[in-house]
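S.K.:
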Amino acid sequence: MCPSQYSTPFSANPSVRLSGAVLWNVAEKMDPSWWGVLKHVCRDTNAAVHKLERRLKKRSVIPMKDICRSVELLGWARQQGCPWDERTAYFVAMYGDLPVLQWAKAHGCPWDSDVCMAAARRGWPEMLHWAHASGCPWDEDTCEAAAFGGHLHVLQWARAMGCPWDERTCSAAAGGGHLHILQWARAMGCPWEERTCARAAAAGHLEVLQWARAHGCPWDKWTCAQAAASGHIEVVAWARQQGCHWDQHTCAGAAEGGHLFALRWIRSQGCPWSEETCRAAAEGGSLETLQWARSEGCPWDSRTCTGAAARGHLGILQWALSMGCPWDEGTCEAAAAGGHLHVLQWARGQGCKWDEETCREAAEAGHLECLQWARGNGCPWDKSLCIECAYQNGHLHVCQWAVVQEP
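To convert, note that position 278 of the sequence shown is 304 in our numbering; the numbers rise steadily by one, no gaps.
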């Protein structure tokens, strides 16, 4: 995948000379996202930016959303080695104007259906019209994006031109709270499914949920679970009154969202829970919720420690371990996958086990510092697998380090 930010190579003009003090003041007053441009003015500005980067510990990257806002800047970025692929076209469609997209296409930038999806999401009919007329493909994502963005006119035009849709159009409209779009889509024969109710519940759009149910939309346990995860007790209460099913995922959703009040109410109404509740509370970072759940007899297992480690919640991990919560190799794996070196170091210091999966997770996620520390402290690895996982996910810096290491 093409990253959303790119570093730019050095190609400065050596003929321009300014004093170091002036350059420092200029760079210091600029938004860091524009240091990448300043680097290319001359050698002195390049040196000034590098010095400022070291001092502030920030990299000079230019967000693609800024590059795509003008033909001049996009053209400059291309000259400096900015990737020229379908992701570039997507960013132009999402953040730029039609003239920028037209210029990019005229200069050979490839595109795919994500361009139409981005235009529909923004509600820009002119961009969508031109892209479609110019041969840009589209698919069901276009209608889904228009529905979620609340752009009925875009959705209507796309359908009139033959753009396909599916159940996601209705679920997107429900998730965005756009009842009028959901009503129009259904009137035009758009299919729906349980996700329509679940997404309406997740966003707290009770009116949309009520209309959907009144018109026969199916639902399942995820309606209650999604509402609880967002803390929408009133939605859960209404759904239960109407006979909607719930299970342990409802408690887990409330716990992961840190909605202790909701969790208490849900439990008071007899909702079941399981080890997933403690895992969710730990992963969500709510120690208060975890402590309450345990005080009420909620079971836990090693996934509680894994969940805390995955999100870097060292304090929760420490409390859980002090209260006798079991752990296993999954704790180190989760810490490495999340790039939480301090958690990994603490866990190992407390005797937590690890295996080859710790290194693989670090490599796959691109966390070189975690991988280096793990290997330096005796963690076993499958070198070939680590290199393969890192390469598949675009982490070339990990590959470069790993390839010269001992097996």
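Quick reminder that beta carbons are idealized off the backbone N, C-alpha and C, glycines included.
Keep in mind it's a predicted model, so treat the numbers as computed, not measured.
(1) Taking 6 Å as the limit between beta carbons, can you name the residues of its chain near C135, skipping five residues before and five after?
(2) Just tell me which of A253, W218, Q106, N419 has its CA closest to the CA of H241.
(3) Which partner residues of I93 appear in the DSSP bridge assignment?
(4) Out of curiosity, what's the CA-to-CA distance linking A362 and H421?
(5) Helix, strand or coil, according to DSSP, for E432 in the structure here?
(6) Is it buried or exposed for F287, if we count other Cβ within 10 angstroms and need 16 for buried?
(7) Once you ignore the five residues that flank M153 on each side, which residues in its own chain have a CB closer than 7 Å to its CB?
(8) Are the CB atoms of D327 and E355 nearer to each other than 8 Å?
(9) Starting from the C-beta of R147, find all residues in its chain whose C-beta is less than 6 Å away, skip the five residues before and the five after it, and write them out in chain order.
(10) Out of C297, R194, C405, which has the shortest C-alpha to C-alpha gap to E383?
(11) Check for me: the alpha helix (DSSP H) holding C250 runs from which residue to which?
(12) For D140, which residues of its own chain have a beta-carbon under 6 Å away from its beta-carbon, when the five flanking residues on both sides are left out?
(13) With distances taken between CB atoms, is the gap from A195 to C223 smaller than 8 Å?
(14) Given a threshold of 16 other Cβ atoms within 10 Å of its Cβ, counted over all protein chains shown, does S312 qualify as buried or as exposed?
(15) Give me whichever residues DSSP pairs with I342 in a beta bridge.
(16) Between the Cα of S300 and the Cα atoms of I292, D273, W318, which residue gives the shortest distance?
(17) Got a sec, what are the start and stop residues for the alpha helix (DSSP H) W380 sits in?
(18) Using the rule of at least 16 other Cβ atoms within 10 Å of the residue's Cβ for burial, across every protein chain shown, is K131 buried or exposed?
(19) What separation, rounded to the nearest whole angstrom, lies between the Cα atoms of L178 and L208?
(20) Roughly how many angstroms separate the alpha carbons of A228 and Q252, rounded to a whole number?
(21) If distances are taken between C-alpha atoms only, which option among K409, P352, H206 comes closest to L181?
(22) With a threshold of 8 Å on Cβ separation, who are the neighbours of W427 within its own chain once the five nearest residues in sequence on each side are excluded?
(23) Judging by CA-CA distance, which residue of R320, G364, E322 is the nearest neighbour of A334?
(24) Expressed to the nearest angstrom, what Euclidean distance is found between the alpha-carbon atoms of Y121 and I413?
(25) DSSP three-state label for A416, please.
(26) Only counting the same chain, and skipping five residues up and downstream in sequence, which positions put a Cβ closer than 7 Å to that of G283?
(27) Taking the beta carbon of E322 as the centre, do at least 16 other beta carbons fall within 10 Å, making it buried, or is it exposed?
(28) Taking the alpha helix (DSSP H) that Q295 falls in, what are its first and last residues?
(29) Given K91, which residues of its chain have a CB within under 7 Å of its CB, disregarding the five upstream and five downstream residues?
(30) For N419, which residues of its own chain have a beta-carbon under 7 Å away from its beta-carbon, when the five flanking residues on both sides are left out?
(31) Within a Cβ cutoff of 8 Å, which residues of the same chain sit near L235, ignoring the five residues on either side of it in sequence?
(32) Taking the alpha carbon of C324 as the reference point, which residue from G338, L289, L340 has its own alpha carbon closest?
(33) For A401 versus C385, is the C-beta spacing smaller than 8 Å?
(34) Let's see if you can read the secondary structure: which residues bound the alpha helix (DSSP H) around E219?
M.R.: Based on what the coordinates show:
(1) Cβ within range, chain order: W110, T114, A115.
(2) It is W218 whose Cα lies nearest to the Cα of H241.
(3) Per the DSSP secondary-structure output, I93 pairs with nothing in a beta bridge.
(4) Those two C-alpha atoms are separated by around 15 Å.
(5) Three-state result, E432: coil.
(6) The residue in question, F287, is exposed, as its Cβ has fewer than 16 Cβ neighbours within 10 Å.
(7) The answer, listed in chain order, is A119, L124, L127, A145.
(8) Taking 8 Å as the Cβ cut-off, D327 and E355 do not qualify as a contacting pair.
(9) Excluding residues within five positions, the ones whose Cβ falls inside 6 Å are A171, G175.
(10) Looking at the Cα atoms, C405 is the closest of the given residues.
(11) 247–255 is the extent of the alpha helix (DSSP H) around C250.
(12) Close CB contacts of D140 within its chain, under the 6 Å cut and outside five residues either way in sequence, are with Y116 (chain order).
(13) Correcting the residue type first, residue 195 is Thr in the shown sequence and not Ala. No, the pair does not count as a contact, with Cβ atoms beyond the cut-off.
(14) S312 should be labelled buried.
(15) The partner list for I342 (beta bridge, DSSP) is empty, contrary to what the question assumes.
(16) Looking at the Cα atoms, D273 is the closest of the given residues.
(17) Where W380 is concerned, there is no enclosing alpha helix (DSSP H), given that its DSSP letter is neither H nor E.
(18) By the Cβ-count criterion, K131 is buried, with 16 or more other Cβ atoms from all chains shown falling within 10 Å of its own Cβ.
(19) Those two C-alpha atoms are separated by around 10 Å.
(20) Between A228 and Q252, the C-alpha separation is close to 5 Å.
(21) Checked all of K409, P352, H206; the closest Cα to L181 is H206.
(22) Within the same chain, W427 has close Cβ partners L394, L397, Q398.
(23) For A334, the nearest C-alpha among the options comes from G364.
(24) Between Y121 and I413, the C-alpha separation is close to 35 Å.
(25) It is helical.
(26) A255, S256, G257, G310.
(27) Flag for E322 reads exposed.
(28) Note, Q295: premise wrong, no alpha helix (DSSP H); not H, not E.
(29) For K91, where only same-chain residues beyond five positions count, the Cβ hits under 7 Å are F117, Y121.
(30) If you ignore the 5 residues before and after N419, its C-beta comes within less than 7 Å of the C-beta of E390, G392, all in its own chain and listed in chain order.
(31) Hits under 8 Å: A200, C223, A226, A227, T249, V261, W264, A265.
(32) Its Cα nearest to that of C324, the residue L289 stands out among G338, L289, L340.
(33) A small fix is needed here, since residue 401 is Arg in this sequence, not Ala. Their beta carbons are under 8 Å apart, which means R401 touches C385 by this criterion.
(34) Here E219 belongs to no alpha helix (DSSP H), and DSSP marks it neither H nor E.
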